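To keep things clear, I will list the structure first and then write my remarks on it.
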Amino acid sequence: MRSIMIATLCLFAAAVSAPSAIAELSKAERAPACADRPHALGVSRIVEIDTSTAGRFGNMQYKDIDFLKPGEVVLTFDDGPLRRYTLKVLNALEAHCTKATFFMVGRMAVHDPAMVKEIDRRGHTVGTHTWSHRNLGALSLSSGEKEVELGVSAVSAALGKPVAPFFRFPYLSDPRRMIDHLQSRHQGIFSIDVDSHDYRTRSGQTVVSRIMAGLEKQGKGILLFHDIQRSTGGGISDLLDQLKERGYKVVHIVPKAPIETLPKYDELAAKELGKYAKSAASRPLSQRSVVWPISTGDDMPAVEPLVITPRHPLNAPLPEQRGDVPPGFKIKDEPEATQTIYEEPSSQTNERKTSRNIDSSTPEPSWQDRVFAQ
């Protein structure tokens, strides 16, 4: 039977070469459920990452450690969960007996804890992507820490246990002050190698083409998708087929130990999770919603970000507003345990206008249309 090689990746200083930081632990047999699927992509290796001495990954921004061999990929999904598309991603991964890492937004996680648990149940790795997807490059150290730590506590609360100490910056915007904070908290920082740009198109085939073209150039890498995007939900099965056909191998990253959450933010996260549970109990159909009131349809909505992330976001400031956070909402700079975390926008709040580059000739929709209409 095809075996999975399990290696451990101990994170030393950047000067330490990657080969000396990897040691083989053991061999594990391929899951019996996949033994009868010779055409499945599967998992080639499992890399266990020890973040106790921190570490940064992804050659778009970092050259610290590269643990991938030629032809290997790591599948990663940001911004979710969003049930309609996250389920499509999960089912495609399961059909191919392969695994991925999900960098979740805390605010999304507390509004669908069942989906968070389902991702974990299927054997995928759960990391974090802040509380509300703010651009940390535009925030003070104090506000940035709140975004990071509340995100960690919120996703952990939704999961029911501490998550992996794996973090990805929104927009890949990584100010030095926040890198230092994450390293002090023993979190691994994950950038990318190949970007699907799935937020720029509604075509699944376009996503597949972009990834395969990027891999042809790079030869390997950490792949970026968003499981809140229709294009990724529609194209992921074909993408996995293409990876298998062209001989790429999937590496699954797992933590040596889970993160230690901070009590202050655990308390805030528990309150947010409790508010959602109370709201859900009073509105039985609320599982159809994301963060806002329910749709009249049975399907979850497509959420298109209002901001196009440049390939090198560090070279230009970015607006903080995205389609996965309602216009005008923000996290308070100094939340207390007795305060609500959100600040409602006033009626005079003006929605930020941003340019978009999406493969569609349809008029610019409102954020309500983005959330509630396909």
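For the sequence shown, the residue numbers in mature numbering (1 follows the signal peptide of the UniProt record, and there is no 0) are -23 to -1, 1 to 351.
Cβ coordinates follow ideal geometry from the N, Cα and C atoms, glycine included.
These numbers were taken from a predicted model, which means no experiment stands behind them.
{"Check": "With burial defined as no fewer than 16 other Cβ atoms inside 10 Å of the residue's Cβ, what is the status of Glu237: buried or exposed?", "Outcome": "exposed"}
{"Check": "My guess is that Val103 and Val140 are in contact by the Cβ rule of under 8 Å, so how many angstroms apart are they, rounded?", "Outcome": "5 Å"}
{"Check": "Going by alpha carbons, who is nearest to Ala135 out of Gly114, Ser119, Phe146, Thr105?", "Outcome": "Thr105"}
{"Check": "When the Cα atoms are used, what is the spatial distance from Leu70 to Asn36?", "Outcome": "25 Å"}
{"Check": "For the alpha helix (DSSP H) that Lys255 lies in, which residues bound it at each end?", "Outcome": "240 to 259"}
{"Check": "Check for me: the beta strand (DSSP E) holding Arg22 runs from which residue to which?", "Outcome": "22 to 27"}
{"Check": "Buried or exposed: which applies to Lys226, given that a residue is buried once 16 or more other Cβ atoms fall within 10 Å of its Cβ?", "Outcome": "buried"}
{"Check": "Return the first residue and the last residue of the beta strand (DSSP E) that Val51 is part of.", "Outcome": "49 to 55"}
{"Check": "Quick check on DSSP: helix, strand or coil for Lys197?", "Outcome": "coil"}
{"Check": "Once DSSP output is grouped into helix, strand and coil, what is the label at Asp172?", "Outcome": "strand"}
{"Check": "Looking only at C-alpha atoms, which of Lys76, Ser21, Ser109 sits nearest to Pro47?", "Outcome": "Ser21"}
{"Check": "According to DSSP, simplified to helix, strand and coil, what is residue 363?", "Outcome": "Outside the shown range of the chain (-23 to 351) lies residue 363, about which nothing can therefore be said."}
{"Check": "Where do the N-terminal and C-terminal ends of the alpha helix (DSSP H) with Lys226 fall, by residue?", "Outcome": "Per DSSP, Lys226 belongs to no alpha helix (DSSP H); it is in the beta strand (DSSP E), 226 to 232."}
{"Check": "Would Met85 pass as a contact of Gly121 if the rule is Cβ separation under 8 Å?", "Outcome": "no"}
{"Check": "Quick one: is Arg99 buried, meaning 16 or more other Cβ sit within 10 Å of its Cβ, or exposed?", "Outcome": "exposed"}
{"Check": "Along the chain, where does the alpha helix (DSSP H) containing Ile156 start, and where does it finish?", "Outcome": "153 to 161"}
{"Check": "Just verifying my parser: in three-state terms, what is the DSSP assignment at Met85?", "Outcome": "helix"}
{"Check": "Excluding the 5 residues flanking Leu118 on each side, which residues of the same chain have their C-beta closer than 6 Å to its C-beta?", "Outcome": "Arg154"}
{"Check": "Could you check if Val268 is buried or exposed, using at least 16 other CB atoms within 10 Å of its CB as the buried criterion?", "Outcome": "With a pLDDT of 36 at Val268, under the threshold of 50, the modelled position of this residue cannot be trusted; read the value that follows with caution. When all chains shown are included, Val268 counts as buried."}
{"Check": "Would you list the residues sitting across from Thr178 in a DSSP beta bridge?", "Outcome": "Its beta-bridge partners do not exist; DSSP assigns none."}
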